[in-house]
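Whatever position you read off the sequence shown (first residue = 1), add 92 for my numbering. Below is one structure, written out as structure tokens, with a few remarks after it.
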Amino acid sequence: MTDDKADLQPIARLYEESLEQHGLKPLGVGWRDEDSHRLRFDKLASVIDAEGRSSINDLGCGYGALHDYLISRGIEVSLFRGYDISDKMLAQAKVRVPHGDFRKSSVLDETADYSFASGIFNVRLQEDEANWLGHIERTLDNLFQHSSRGFAFNLLSTYVDYREPQLYYGDPLYFFDYCKRRYSRRVSLLHDYPLFEWTITVRK
Numbered sequence: 093m094t095d096d097k098a099d100l101q102p103i104a105r106l107y108e109e110s111l112e113q114h115g116l117k118p119l120g121v122g123w124r125d126e127d128s129h130r131l132r133f134d135k136l137a138s139v140i141d142a143e144g145r146s147s148i149n150d151l152g153c154g155y156g157a158l159h160d161y162l163i164s165r166g167i168e169v170s171l172f173r174g175y176d177i178s179d180k181m182l183a184q185a186k187v188r189v190p191h192g193d194f195r196k197s198s199v200l201d202e203t204a205d206y207s208f209a210s211g212i213f214n215v216r217l218q219e220d221e222a223n224w225l226g227h228i229e230r231t232l233d234n235l236f237q238h239s240s241r242g243f244a245f246n247l248l249s250t251y252v253d254y255r256e257p258q259l260y261y262g263d264p265l266y267f268f269d270y271c272k273r274r275y276s277r278r279v280s281l282l283h284d285y286p287l288f289e290w291t292i293t294v295r296k
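Written out as structure tokens, the structure is:
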């Protein structure tokens with residue numbers, strides 16, 4: 093793991109431009125369509141296995157779509173705390189989820205029952221690949237430290253036929269082993285759904 097800090101501001105600008113172009117829908121945060129967006133959330137939310145109300149950390153919350161998804165699934169949310177590096181995304185999230193707690197940050201600073209990171213590792217632009225891996229590993233440590241019950245994240249898969257140079261593709265076997273050895277025995281790798289990505293859930 094490298095100690096170099098990743099420069100996230102160009103990524104924030106990229107997402108703000110996407111939001112301005114496409115508005116409050118999956119394309120506005122770099123996803124294809126509503127169906128794939130929901131499928132992605134289905135996989136992430138499978139980490140939630142507790143009955144009753146749960147507090148949520150959403151790192152890279154965008155305009156707050158995860159909150160709406162959880163409510164639509166009947167999952168009781170006692171507190172929704174969203175973090176993002178884009179001022180424009182946070183402004184939209186505060187309107188969409190007025191009772192949420194939204195903060196400008198690339199790291200979590202308070203603990204919740206469950207924490208999520210969806211899509212935040214995919215775009216690396218000009219960042220060195222080794223440096224980006226270090227950024228991901230530090231972020232996973234942060235998710236683990238601020239989740240009392242578990243966390244989930246996703247990444248583009250290395251099992252693809254074509255790669256975009258500005259994107260990061262994560263080896264699912266590497267990250268499964270990393271999470272299993274470092275965080276918990278209760279780790280699941282989900283790579284059986286029709287998107288070019290995978291999801292890992294970690295339960296404590």
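Yeah, the Cβ is synthetic: ideal placement off N, Cα and C, and Gly gets one too.
Looking at the DSSP output, G262 shares a beta bridge with S249.
Between L200 and L162, the C-beta gap is not smaller than 7 Å, which leaves the two residues out of contact. With contacts defined as CB atoms closer than 7 Å, S207 and F243 qualify as a contacting pair. R216 and G144 have their C-alpha atoms spaced approximately 37 Å apart. When secondary structure is reduced to three states using DSSP, N214 falls in the coil class, being assigned neither helix nor strand.
Annotation note: the region 133 to 164 contains the following uninterrupted alpha helix (DSSP H) runs of length 4 or greater, listed N- to C-terminal: 157 to 164.
Burial state of G166 is exposed, judged by a 10 Å Cβ sphere holding fewer than 16 other Cβ atoms. Separation of the CB atoms of L247 and F267 is rounded to 7 Å, and the pair is thereby assigned contact status at 8 Å. A direct Cα-to-Cα measurement between S240 and E221 gives close to 30 Å. Under the DSSP assignment, F236 falls in the alpha helix (DSSP H) whose first and last residues are E221 to Q237. Taken atom to atom, the span from the alpha-carbon of Y285 to that of T293 is near 15 Å. For K186, the enclosing alpha helix (DSSP H) starts and ends at D179 to R188.
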